[in-house]
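Position 81 of the sequence shown, counting from 1, maps to 131 under this note's numbering, and the rest follow consecutively. These notes concern the structure reproduced below.
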Amino acid sequence: MTVTNKPVKPANVPVMDFEAIHASVGNERKKYLRQLDEAWSHHGAIYVINHSIGTETLEEAFAWCKKFFDLPLAVKNSVHIPPDVSKHFQGWTGTGEAISSQGVWDPDEIERLRKEMPTELKEAMELQDPCGTYPPGAPDLNLVEQHLPGYLGFLKKWFAACYKQSLQNMRLVCEILGMEDLDYIGKKFAPRHMSTHSTWNYFLGQPVSQLARGSANRLNAHTDYCQFTMLFQDMVGGLELHDYEEDIYRPVPPIKGAVIIQVGDLLEKQTNGRWRSALHRVTAPSQYMYEGSAGDDDELVQRYSLVFFGHLNLDEMIEPLPGCEKPGKWSTLEWKDRMTAGQWLARRVALEYERKKTAATVM
Numbered sequence: 051m052t053v054t055n056k057p058v059k060p061a062n063v064p065v066m067d068f069e070a071i072h073a074s075v076g077n078e079r080k081k082y083l084r085q086l087d088e089a090w091s092h093h094g095a096i097y098v099i100n101h102s103i104g105t106e107t108l109e110e111a112f113a114w115c116k117k118f119f120d121l122p123l124a125v126k127n128s129v130h131i132p133p134d135v136s137k138h139f140q141g142w143t144g145t146g147e148a149i150s151s152q153g154v155w156d157p158d159e160i161e162r163l164r165k166e167m168p169t170e171l172k173e174a175m176e177l178q179d180p181c182g183t184y185p186p187g188a189p190d191l192n193l194v195e196q197h198l199p200g201y202l203g204f205l206k207k208w209f210a211a212c213y214k215q216s217l218q219n220m221r222l223v224c225e226i227l228g229m230e231d232l233d234y235i236g237k238k239f240a241p242r243h244m245s246t247h248s249t250w251n252y253f254l255g256q257p258v259s260q261l262a263r264g265s266a267n268r269l270n271a272h273t274d275y276c277q278f279t280m281l282f283q284d285m286v287g288g289l290e291l292h293d294y295e296e297d298i299y300r301p302v303p304p305i306k307g308a309v310i311i312q313v314g315d316l317l318e319k320q321t322n323g324r325w326r327s328a329l330h331r332v333t334a335p336s337q338y339m340y341e342g343s344a345g346d347d348d349e350l351v352q353r354y355s356l357v358f359f360g361h362l363n364l365d366e367m368i369e370p371l372p373g374c375e376k377p378g379k380w381s382t383l384e385w386k387d388r389m390t391a392g393q394w395l396a397r398r399v400a401l402e403y404e405r406k407k408t409a410a411t412v413m
């Protein structure tokens with residue numbers, strides 16, 4: 051395979067050691083907090099090593115992820131995401147059923163993109179907290195448990211571990227912003243109030259040449275709807291972050307065991323533009339996309355990723371946090387001035403999953 055794309059340096063995303071941060075005091079702690087502040091302002095993302103989730107839990111999660119996507123199609127279809135996904139944001143979706151976009155609010159335009167853009171070649175499993183209580187109509191994950199004993203038990207473990215780390219993230223946010231109450235944000239982030247969500251992704255194997263040429267796609271450029279995203283990659287690669295200064299996308303290579311913590315739309319809005327919602331996409335691994343490594347048109351590259359979204363309680367209004375009254379320089383997405391977190395979530399997921407008739411009802 052011949053790759054003509056110009057070489058691109060990886061994104062300069064800093065690597066932060068959370069054990070070191072939590073053990074720090076005095077001037078050392080101020081230095082760490084300043085580094086976090088600068089990274090979330092400039093990149094909207096950081097790598098985190100030595101986080102609380104742990105290597106063993108991560109390895110389990112990737113194993114369960116692969117087991118799920120290896121299930122027969124009939125089993126996955128039994129927990130297919132409902133048509134009214136903005137009300138029941140749980141279930142499996144197949145290739146081409148969703149479309150990621152950025153700043154497109156018109157359902158007619160979304161339908162045009164569905165027809166004209168390369169299909170996103172991935173399957174996804176959208177998951178709500180298994181301990182939560184939700185309206186009738188969501189897929190019953192016991193149907194998966196029948197084929198994968200232990201699946202629901204692990205989901206409870208996964209959500210608990212990710213929620214614990216998310217609370218640590220939120221406490222750091224409060225500390226950076228100078229709040230006296232370091233649990234100010236965490237109090238509005240209840241795991242059983244639909245404020246936590248996880249997406250497991252399986253990017254299908256395909257010729258890498260198609261990805262490098264742009265004739266096929268994995269995940270379109272987009273920002274995430276939440277406060278914080280915690281992204282766990284396998285070692286295949288393909289994640290890219292937009293560099294606004296150069297107006298190019300830069301690879302974000304995987305680091306084994308690390309989590310990438312990205313600022314989402316809600317937190318950009320809550321910090322009044324102090325921090326930037328990270329614009330990112332998934333394409334071919336960088337060694338094929340930019341580095342000119344030899345490859346075969348028939349070479350297939352599968353990829354798995356695990357994503358955890360921390361979200362405000364749905365009835366909370368989206369408004370600036372204490373200490374963020376002064377507008378910052380970022381405004382990645384424009385939206386209505388007054389909106390609850392639930393209204394924002396419904397708007398985003400409807401455009402991604404629902405077709406024109408239902409998507410129009412939440413605008």
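The beta carbon of each residue, even a glycine, is placed where N, CA and C say it ideally should be. Everything numeric in this text was worked out from a predicted model, so none of it was measured.
Check each candidate in the options and name the one with the smallest Cα separation from residue i.
i, options, result
"G323", "G94, C115, E78 and E69", "G94"
"T321", "E402, V399, L254 and G228", "G228"
"A308", "D87, A271 and V98", "V98"
"E369", "L163, H292 and R388", "R388"
"L350", "W114, L362 and A334", "A334"
"V65", "I305, L362 and L395", "I305"
"W114", "Y299, G373 and W250", "W250"
"P186", "A328, P132, C374 and E161", "P132"
"V125", "K81, N192 and L261", "N192"
"A396", "S136, W325, R326 and L281", "S136"
"D87", "H72, F204 and W325", "W325"
"N62", "G392, P372 and P301", "P301"
"L202", "P180, L217 and L222", "P180"
"G314", "I71, F278 and L123", "F278"
"E230", "Q393, G373 and W394", "G373"
Where does residue i fall in DSSP's three states?
i, result
"M220", "helix"
"S355", "strand"
"A188", "coil"
"V332", "strand"
"R263", "helix"
"Q312", "strand"
"T143", "strand"
"K172", "strand"
"R84", "helix"
"P257", "strand"
"A240", "coil"
"S248", "strand"
"A73", "helix"
"D274", "coil"
"V399", "helix"
"G200", "coil"
"D67", "strand"
"L350", "strand"
"H92", "helix"
"V286", "coil"
"L371", "coil"
Take residue i and list the residues in its own chain whose beta-carbon comes closer than 6 Å to its own, dropping the five residues that flank it on each side.
i, result
"K117", "L198"
"T169", "G146"
"A409", "Note that A409 scores a pLDDT of 38, beneath 50, so its modelled location is shaky; the value from the coordinates is reported in the next line. Once the five neighbours on either side are set aside, the close Cβ partners of A409 are P157, A400 and L401."
"D67", "I99 and N100"
"M413", "Residue placement at M413 cannot be trusted, given a pLDDT of 33 that sits under 50; what the coordinates show is reported in the next sentence. None."
"S248", "L177 and F358"
"I103", "A211 and Q215"
"H292", "Y299 and L329"
Looking at the secondary structure, which residues open and close the alpha helix (DSSP H) in which residue i lies?
i, result
"L472", "As displayed, the chain neither begins before 51 nor continues past 413, which places residue 472 out of reach and without an answer."
"H292", "Where H292 is concerned, there is no enclosing alpha helix (DSSP H), although the beta strand (DSSP E) it sits in stretches over L289 to D293."
"A113", "T105 to F119"
"L364", "Segment: none, L364 is in no alpha helix (DSSP H) and carries neither H nor E."
"V98", "Counting along the chain, V98 falls outside any alpha helix (DSSP H), though it belongs to the beta strand (DSSP E) covering A95 to I99."
Suppose you measure from the CA of residue i to the CA of residue j; what does that come to, to the nearest Å?
i, j, result
"G287", "F359", "20 Å"
"F239", "S259", "43 Å"
"G200", "N77", "46 Å"
"L232", "W208", "24 Å"
"L83", "Y294", "23 Å"
"Q352", "V75", "43 Å"
"R398", "Y275", "7 Å"
"A211", "C224", "21 Å"
"K172", "F253", "4 Å"
"K46", "L329", "No statement about residue 46 is possible, as the shown extent of the chain runs from 51 to 413 and does not include it."
"G206", "W142", "The sequence given here places Lys at residue 206; Gly does not occur at that position. Spanning the two alpha carbons is a distance of roughly 18 Å."
"A266", "Y234", "44 Å"
"V129", "P189", "5 Å"
"Y415", "L289", "Since the first residue of the chain shown is 51 and the last is 413, residue 415 is not available in this structure."
"G378", "K80", "21 Å"
"Q85", "P257", "39 Å"
Leaving out the 5 sequence neighbours to the left and right, which residues in its chain are closer than 8 Å to residue i when beta-carbon positions are compared?
i, result
"L121", "V194, H197 and L198"
"T497", "This structure leaves residue 497 out entirely; the chain is present only between 51 and 413."
"Y184", "H138, Q140, Q178 and M244"
"T390", "L364, D365, E366, M367 and I368"
"D33", "What is shown of the chain runs 51 to 413, which leaves residue 33 out entirely."
Check for me: the beta strand (DSSP E) holding residue i runs from which residue to which?
i, result
"V125", "No beta strand (DSSP E) contains V125, which is instead part of the alpha helix (DSSP H) from L123 to N127."
"R300", "I298 to P301"
"D233", "Counting along the chain, D233 falls outside any beta strand (DSSP E), and DSSP gives it neither H nor E."
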